[in-house]
Each structure stands twice: as C-alpha cells, then as structure tokens.
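In this note's numbering, the protein residues as written are 8 to 211.
The beta carbon of each residue, even a glycine, is placed where N, CA and C say it ideally should be.
The structure under discussion appears below in the form of structure tokens.
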Amino acid sequence: MTLIIFRKRQSSAALRDSDIGVEDRLFLVDASGSMNHKVRGTKARRFDIVREGLKTFCFERWPVSYYDRPLRISIVAFRLLGTPGETVYEVIVPLYPTPPTLELYRLDDLGPKGGSWFVDGLEYAYMTVSESLRKVKRIDFISDGTPEGPSATPVAEKIRSAGIVLNSLEISDVSTKIMQDIAATGGGSYHLVKTVEEFQAAIS
C-alpha cells in the first residue's frame, strides 16, 4: 500500500526523542512523468537509474545505519497530480523514526507521472531536515531538470541558511542552469548523471 501525504511533515517529537547521531540525509526524488523518458544515447529510463542507484546505496549502507545509526537515510518522492494540481509526497523511507526494515520494493511500485513543482518538493525536504539535531544534514535533490511553477531559489537559500547542504543530481544527457543554480545556491555539489554507475558515484 502506498503512503500518500498532502503537504504534511513528519512529527518533530520523534526526532527530538531519538538518539543524536552524525548525519541525516534525505533523497528528494522528482517522480514526474518526464522521469519516465530515456536518457539520450542509452536504453535506461531516468527513473530506473534513480531506483537502482538508491537501492544499491541503501543495501550497502543500511546495516551500519540501522545498528550504529551514524547515518539516517530518507527517500521521499514528489509529483504534481490532478487539476488544478496538488503536490503529492510519497515517503518511501522515513527519516525518523528509523524503520526496522527498508521497504525499497515500493520504489518499484512508484510509476512516474504528473508534473513537478521544485519549490514544493524542496520546501517539504527543508521542513523535514531542518528539525534534525544532527551535525551533518544533507538533501540530495534528484530530477531531470524540467520544473514547473515558481523559482526554487528562495527555498534553496533557506535550506543553506539552516545549515543544510543541498546537492543536485540531474538525470539527463544535458545540463540545465536551474539544477546547477540549485546546488550552487544550496551550498552543495552538482552532478550530471547518465548511468546507474554515475549515480552511485555521485551519492557515495
């Protein structure tokens, strides 16, 4: 069953009561329809690259994350659905409380569709990660660089001001200024990704 949240953030009480580790890292995934397109020159669909890359990352890191918890991982997908449109957030892996098991199969059930308001997705990620008490806080924003809606720059500035590093990973064969600007404004790094291997290298 898919958990769908409409403009709602996770409770801060659970976070305050948890053990304070080293790092919180949220992967914010654009799950709009354009992510179903293939990367030019390859046979891979954009969302397939993200799905396989995140699975590998989590399977490699999860034993450490669960038992020692120096790193907590969250995966949140977002897309704009309906008319006139509402941004829907699907929490694949919650940041807190740490789940006993990963339900990464839910990435397989998530089919890209709808539009993508970057500003909504980044605002949700900001509200979640800004409540963390950990020393290192990161948001990895994953998209193909085809947004709708207003500029995401003000949110990127707010994220950086809160001491959160905002990286951007563009799943495409061509760089876009908007994805580069988001990383630069958010104080993070930008990566152009065309394969699963490049994706894994970018988030390692």
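Item                                                                                                  : Value
Per DSSP, cross-strand counterpart(s) of residue 122                                                  : 87
Inter-residue Cα distance where the pair is residue 134 and residue 146                               : 11 Å
Simplified DSSP state of residue 176, which is helix, strand or coil                                  : strand
Buried or exposed by the 16-neighbour rule on C-beta atoms within 10 Å, applied to residue 94         : buried
Sufficient close CB pairs (3 or more, under 8 Å) joining the segment 77-91 to the segment 119-139     : yes
Simplified DSSP assignment, three categories, for residue 167                                         : helix
Three-pair Cβ contact test at 8 Å for the segment 151-165 versus the segment 174-182                  : yes
Residue from 198, 65, 100, 194 with nearest C-alpha to residue 168                                    : 194
Residues bridged to residue 78 (per DSSP)                                                             : 30
Rounded distance between the beta-carbons of residue 80 and residue 100, thought under 8 Å            : 6 Å
Buried/exposed call for residue 140, threshold 16 Cβ in 10 Å                                          : exposed
Beta carbon of residue 46 nearer than 8 Å to that of residue 201                                      : yes
Cβ neighbour criterion (16 or more within 10 Å) applied to residue 144                                : buried
Burial state of residue 108, where buried means 16 or more other Cβ atoms lie within 10 Å             : exposed
Range covered by the beta strand (DSSP E) that runs through residue 199                               : 194-200
Any non-hydrogen atom of the ligand ATP within 7 Å of residue 127 CB                                  : In the structure shown, the ligand ATP is absent, as is every other ligand, since no ligand is present at all.
Segment limits, alpha helix (DSSP H) that includes residue 113                                        : 112-116
Per-residue burial, residue 158 [other beta carbons within 10 Å of its own, 16 or more giving buried] : exposed
Residue 39 versus residue 102: straight-line alpha-carbon distance, rounded                           : 22 Å
Option nearest residue 43 by Cα separation, candidates 118, 49, 104                                   : 118
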